[in-house]
Amino acid sequence: MEKRSSGRIPSNLKIKLCLDHDINTGILSNLSDNGMLITTKVCFPLKSQFEILLPVGEEILKIPVRVSRLLKKNDVYDGIGVELLEPSAAYLEFLERQSMLYQIKEKRKKTFKCSTCSHITFKQAPLHCPFCKSAIDDFIENSGEVNMLEDYTSLTDFEKTHFPVINIAKGSVPEMKDRGMHVQIKVGEFPHKMDIDDHIAFIDLYFNDFSLSKKCIARLHLNCQIITPIASFSFHDACSGALTVISNCTAHGSWMTETTI
Ligand SMILES: [Fe+2]
């Protein structure tokens, strides 16, 4: 039985499995300093040894492993558990970085929703909702329910109609005499429909100047008379920090995109 000396870190990385001259693909589902769980359709014999090729930046880590478990779902073979054979220092460094990233992501995901107006706050609920003034008791923790944009290249068309797209133009705002930053927010890359039972109800804009926590600085309400959910804001050019935008769809919940200005 495989001994687990540290917690498993969830992952979704594409890897290659190299047995003799046979190279197959798999997804690394989780990893630790002594084992991994891999989703793959390729059937490996129990106790067989092979090499995992894991891309890290421009390098490829070669990780020798031994099959310790065969996994099945509904009687269909769908993965393996492996133990690591003397993990290298480079792998342990990679693991440390993955662990830190995972912890940061988990912290970011802690959100609370105002049950009156659906405004989202981060880390903790406010004493009062900045928009509808509901009290802290009306906020419910909804961690995991806000869709957060992480990898744009893997989005489906449905997701592309919901995630806000942020475009920033510096020094191109006529009313600011060629100074400032013009931020345009569109929901989404393919415009979301604005039907009575499925439309973007509001766009909330948050700003974090790298020293304070995320603060909501504006909300744009939309209704079905609006054809395209687009909002524009102008910032002083001295502003620098992280911009977070959440769009709220009446049928499909909250969708968050972040960038820096
Ligand atoms: Fe929607």
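Numbers given in this note's numbering equal positions in the sequence shown, counted from 1, plus 1156. C-beta atoms are modelled at their ideal positions from N, C-alpha and C, and glycine is treated no differently.
For F1206, the pairing in a beta bridge is given by DSSP as V1221. In the DSSP assignment, the residues bridged to P1320 are V1343. For H1177, the Cβ stays outside the 7 Å cut-off from all heavy atoms of ligand 1. Boundaries of the beta strand (DSSP E) harbouring M1192: G1191 to T1195, taken from the DSSP string. Rounded to the nearest angstrom, the Cβ distance from V1302 to S1410 is 5 Å, consistent with a contact under 8 Å. For C1288, the closest of I1276, E1297, T1309 and H1318 by C-alpha to C-alpha distance is I1276.
Sequence-distant Cβ neighbours of D1234 in its own chain, meaning closer than 8 Å and more than five residues away, are T1195, T1196, K1197, L1227 and K1228.
The region 1243-1254 and the region 1288-1299 do not touch, with fewer than three beta-carbon pairs separated by less than 8 Å. When the five nearest sequence neighbours on each side are left out, the beta carbons in the same chain lying within less than 8 Å of the beta carbon of N1186 are those of R1164, I1165, P1166, S1167, M1192 and L1193, in order along the chain. The beta carbon of C1199 sits no closer than 7 Å to any heavy atom of ligand 1. Residue environment: N1379 is assigned as exposed (fewer than 16 neighbouring CB atoms within 10 Å of its CB, all protein chains considered). Within the model, the alpha-carbon separation for D1393 versus A1357 is close to 29 Å. Within the chosen limit of 7 Å, ligand 1 does not reach the beta carbon of H1284 with any heavy atom.
The region 1239-1246 and the region 1209-1219 touch, with no fewer than 3 CB-CB distances between them shorter than 8 Å. Excluding residues up to 5 positions away in sequence, F1206, E1207 and L1209 lie with their Cβ nearer than 7 Å to the Cβ of C1174 in the same chain. Under the DSSP assignment, T1277 falls in the beta strand (DSSP E) whose first and last residues are I1276 to F1278.
Secondary structure at S1271: coil, using DSSP grouped into helix, strand and coil. The DSSP-derived three-state label of T1406 is coil. Around I1296, the same chain offers F1268, K1269 and S1271 as residues with beta carbons nearer than 8 Å, after the five sequence neighbours per side are excluded. Residue nearest to V1401 within the set G1182, N1180, D1360 and V1212 is D1360 (criterion: CA-CA distance).
Taking all protein chains in view, the Cβ of T1416 is surrounded by fewer than 16 other Cβ atoms within 10 Å, so the residue is classified as exposed.
For ligand 1, the residues with a Cβ under 7 Å from any of its heavy atoms are, in chain order, T1317, H1318, H1348, D1354, C1405, A1407 and H1408. The C-beta of L1240 has 16 or more other C-beta atoms within 10 Å across all chains shown, which makes the residue buried.
Shown here for A1281: same chain residues with a beta carbon closer than 7 Å to its own, the five before and five after excluded, namely F1268, I1292 and F1295 in chain order.
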